[in-house]
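Student: Pasting in a structure now, in structure tokens, and then I'll have a few things to ask.
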Amino acid sequence: GTQFPRAWLEGSLNFSFSGLKTAVMRAVRTLEEQGLEVPVADFAASFQEAVVEVLVVKALQAAQDFEAKAILVAGGVSANKALREAFLARSPLPVHIPPIWLCTDNAAMMAAVGCFRFRAGQRDSLDMDVLPNWPLAEA
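Residues 1 to 139 in the numbering used here are what the sequence shown spells out, letter by letter.
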């Protein structure tokens, strides 16, 4: 399959996928300009492989650096089968992954906050500001 770059950011536990996204866009554009078909399934699998590798390696490095006793894979990304399998295969530590039905992103949490605010009679106008880093304590 296609090989896309990994976002290692050496010396850091941080990661960025902007270079990966750019590489995919360039590969697609090049093929389209040549009148060739974009191998969507191959590109998707290769993109997933690159992301999974970086997430697993960085998480395992963080676990080692901070002497963790286990790995917990959670959030919406934990529903990804390849990510689940990679953690289970590569981690020397116990890996805890919730069942798929609990692997949601924060949309459910935000919906609950909205429900509680609505029940409390709190209403916001449709022109309110979007606050992507709004602390829940202030909700």
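All C-beta atoms in this analysis are idealised placements derived from N, C-alpha and C, irrespective of residue type, glycine included.
Could you tell me the boundaries of the alpha helix (DSSP H) in which Thr-22 lies?
Tutor: Locating residue 22 in the sequence shown gives position 22, where the first residue counts as 1. From DSSP, the alpha helix (DSSP H) with Thr-22 extends over 18-33.
Student: Between Ala-86 and the ligand GTP, is the CB less than 7 Å from at least one heavy atom?
Tutor: In terms of ligand content, the structure shown is empty, and the ligand GTP therefore cannot be addressed.
Student: On a Cα-Cα basis, can you pick out the residue from Ala-79, Phe-66, Asp-65 and Pro-98 that is closest to Leu-72?
Tutor: Taking the first residue of the sequence shown as 1, we reach residue 72 at position 72. Checked all of Ala-79, Phe-66, Asp-65 and Pro-98; the closest Cα to Leu-72 is Pro-98.
Student: DSSP three-state call for Ala-73: helix, strand or coil?
Tutor: One-based indexing of the sequence shown puts residue 73 at position 73. Here residue 73 turns out to be Val, not Ala, going by the sequence shown. Val-73 falls in the coil class under three-state DSSP.
Student: In the DSSP assignment, find the alpha helix (DSSP H) that holds Val-113 and state where it starts and stops.
Tutor: As a first step, residue 113 is located in the sequence shown; it is residue number 113 there, counting from the start. Val-113 -> alpha helix (DSSP H) spans 107-119.
Student: Is Val-57 helix, strand or coil by DSSP?
Tutor: Here residue 57 is taken as the residue at index 57 of the sequence shown, counted from 1. In the structure shown, Val-57 sits in a helix (DSSP, three-state: H, G or I).
Student: Flag this pair as yes or no: are the beta carbons of Leu-88 and Lys-69 separated by less than 8 Å?
Tutor: Walking along the sequence shown from the start, residue 88 turns up at place 88. Walking along the sequence shown from the start, residue 69 turns up at place 69. Taking 8 Å as the Cβ cut-off, Leu-88 and Lys-69 do not qualify as a contacting pair.
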